[in-house]
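Chains as they are written, first to last, in this note's numbering: chain A, 65 to 391; chain B, 878 to 1340. Think of the CB as a built atom: it goes at the ideal place given N, C-alpha and C, for glycine as much as any other residue.
Below, the structure written as structure tokens:
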């Protein structure tokens, strides 16, 4: 029998080649599919953001996504690597960064945040899969420190935006600075001030559950974040009865759910094993509550996630699973 | 698994087993057993030439005990080993011995092989079948046989594990005072996709399987015997239940999942025992053999017929007529493919064994050995894989690893030759089932990187 060894898909005689086992593969999920799922999961929060913040949201998201894609293109060119825009990861970074910025942040804030996110958050580490910190959070931390006035908590107070809702402080800032507890209903539905993607609880839950069901996000991480916040928030609630800011306000206000479902679950920067994911999630939740209750910042999700990102390699070392049959 | 309890366990006494019915993790590759599952075992016409490697098993190689130009008969011993862990080889045809040749098997091993030119009168196919699988296997005839006699007969018959690893069977079933065996576990899982040899043997020759199981249990001194079968082979379960009724053998019906046929995972699922890391089933009082091996045990002991033939599945989307064949050991792989109508134009890869753990090869002259369970010819469509990208640490390999390892970490450590890190992540526990590579969304060759790491560690140990 004659064999043909040319790599030809429609040969006249069979084209045979060799490769190591296994010879069959699961085609159900690729890295690109995972990124696509993240974008699908973000769509409820995108819709909510546009619904509440109108053109401010559209503009902010467009700025961030376009700049992220452009930065990805430029940096891959500089590194003479194959163009990786098609893997959708830069798009996801842009969306998450945009959703974590307030609607009224000036255009250059989104631009600079995006360039830092892709350049310093991802590319200097070696590109997708190599970064230690969540790129979007690196970008956000940079602009938050650089442009505190237009971004940080106090920035919301003297907004000059045309939309009425924007002229208020975020619920967390109002609570921190003036002790005003917001109503629960606006906190739940999202018609309140805050970063674009964080305000609506149903939108975050819907997208987050989709991610967990598709197993693109590990449920252990959001579960850990929420459990830790519930416990610590509950304790704060019981010990300090004067405050009207209850544990429910803590869960539904600010970026806690958005961060728990969409940012902390970034697989690249979170641990690999189930045990490690619990440690990571509980760590994020605990740090958020410590920052919110004891620090000068009204919000702590971003710093909590960045801190736990730094601990991830260590958590991975701590949680090497017991092999089957091992002691 | 509650459903297993309801569905099969309380069927009758033969259906009882103490294990949970499945194991943690694992994958569900497309089974595609229907390609050849309903093809009854056919006997291939005797080829013109046979090539028998001198080492088809784990252990010491055989030395030839025949000379060139010598005439041999079917079943005559032509080579034997000097050490205990070794299995003799026998002529699968009648003919004349030719010069020894060197052959490179699909797994990459270079071996000396005895060539036999087929000459003279041959036993015809139907007689061969009747001798090997047909007729009655009366239990009375061996109930008084001494255990040492059984293991001696198994050794003489050159029987090795037919599931793929080809470990000499007599070694496993010789009693050891330090490690007494309580349970004989017979593996009928055949968890590799596509392959149907064990399934056909269980359906067509259940009496021989039962006889071999009882013989092996008697030899090793096991009080209990279980046959483990996945629940996608209910026809085999039914035929074995009938054959085993009253024999005291339990049929454990297990959830279909790859790699259920792994020794350690079968023991976990059927018996709820864990083989210690780096240990053997005998450490926890279990001896393991395979259903096809059991038939050759029955044949070797009760009919004094050595292991000269075996059943091989020739299957896959790239073969014209998928079949199950009874073939002489030493026949060229190409003969089997030719008998099954040849390759389709879409054929892309020829694999010795199944698609998860088998070895791809291109030389169709290489012979079938005792460990060849199938030839899987895969088409371009079947070997389609996801485009290679980078690890985003999604953890799917961790979720599927049946040994509960972290494959991506081990693979990356191996790629960087960081052997201490690889050891820390228990690289040596990996038995290369391929589940991690199968599932990887980034299309990374994880198991191949781990193999490289294991080889590096072995070379380092030799220095």
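The shortest CA-to-CA distance from residue 1273 of chain B to any of A:348, A:355, A:278 is the one to A:278. For residue 939 of chain B, the secondary structure class from DSSP, reduced to helix, strand or coil, is strand.
Minimum Cα-Cα distance from residue 206 of chain A among the listed residues A:140, A:366, A:380, A:375 corresponds to A:366.
By the CB criterion at 8 Å, residue 1288 of chain B and residue 1327 of chain B fall inside the cutoff. The bridge partners DSSP lists for residue 972 of chain B are B:949, B:995. Flagged as an interface residue toward chain B: residue 79 of chain A, by a C-beta distance shorter than 8 Å. Bounds of any alpha helix (DSSP H) do not take in residue 1238 of chain B; it lies within the beta strand (DSSP E) bounded by 1236-1238.
Beta bridge pairing from DSSP links residue 1064 of chain B with B:1105, B:1167. When 7 Å is used as the limit between beta carbons, residue 1314 of chain B is near these residues of chain A: 86, in chain order. DSSP places residue 1192 of chain B inside the beta strand (DSSP E), whose first and last residues are 1186-1192. C-alpha of residue 1006 of chain B to C-alpha of residue 1170 of chain B: approximately 16 Å in a straight line. Neighbours of residue 386 of chain A in chain B, taken as residues at a C-beta separation under 7 Å, are given in chain order as 1281. Residue 1126 of chain B sits close to residue 1087 of chain B, with the two beta carbons spaced by under 8 Å. Any Cβ of chain A closer than 8 Å to the Cβ of residue 1056 of chain B would place that residue at the interface, and such an atom is absent.
Between the stretch 932-943 of chain B and the stretch 904-924 of chain B, the count of Cβ pairs shorter than 8 Å is below three; the stretches do not touch. Chain B has a Cβ within less than 8 Å of the Cβ of residue 332 of chain A. Within chain A, the C-beta atoms nearer than 7 Å to that of residue 1227 of chain B come from 80, in chain order.
The Cβ of residue 1109 of chain B sits no closer than 8 Å to any Cβ of chain A. Counting along the chain, no alpha helix (DSSP H) covers residue 1127 of chain B; the unbroken beta strand (DSSP E) around it starts and ends at 1126-1131.
In this structure, DSSP gives residue 1257 of chain B a state outside helix and strand, which the three-state scheme calls coil.
Cα atoms of residue 354 of chain A and residue 301 of chain A: separation of roughly 13 Å, rounded to the nearest angstrom. When C-beta distances to chain B are compared with 7 Å, the residues of the stretch 334-348 of chain A below that value are 336, 337, in chain order. Between the alpha carbons of residue 325 of chain A and residue 128 of chain A lies a gap of roughly 20 Å. Using a Cβ-Cβ cut-off of 8 Å, residue 389 of chain A counts as an interface residue toward chain B, since at least one Cβ of chain B sits closer than that to its own.
Taking the beta carbon of residue 1237 of chain B as reference, the chain A residues within 9 Å of it are 80, 81, 82, 83, 84, 85, 87, listed in sequence order.
The straight-line gap separating the alpha-carbon atoms of residue 335 of chain A and residue 79 of chain A is approximately 42 Å. Within 9 Å of the CB of residue 1260 of chain B, the CB atoms of chain A belong to 83, 87, 88, 89, in sequence order along the chain. Per DSSP, the beta bridge partners of residue 259 of chain A are A:166. Bounds of the alpha helix (DSSP H) holding residue 284 of chain A are 284-303.
Residue 1050 of chain B and residue 1074 of chain B have their C-alpha atoms spaced approximately 23 Å apart. DSSP, read as helix, strand or coil, puts residue 964 of chain B in coil. About 7 Å separates the CB atoms of residue 1264 of chain B and residue 94 of chain A; that is less than 8 Å, so the two are in contact. Out of B:968, B:962, B:922, B:921, the CA that lies nearest to the CA of residue 942 of chain B is found in B:968. Contact with chain B is found for residue 282 of chain A, since one of that chain's Cβ atoms lies less than 8 Å from the residue's Cβ.
Residues of chain B whose Cβ lies closer than 7 Å to the Cβ of residue 304 of chain A do not exist, since the nearest Cβ in that chain is about 39 Å away. Taking each of B:1072, B:1122, B:1115, B:1302 in turn and checking the Cα distance to residue 1200 of chain B, the smallest one comes out for B:1072.
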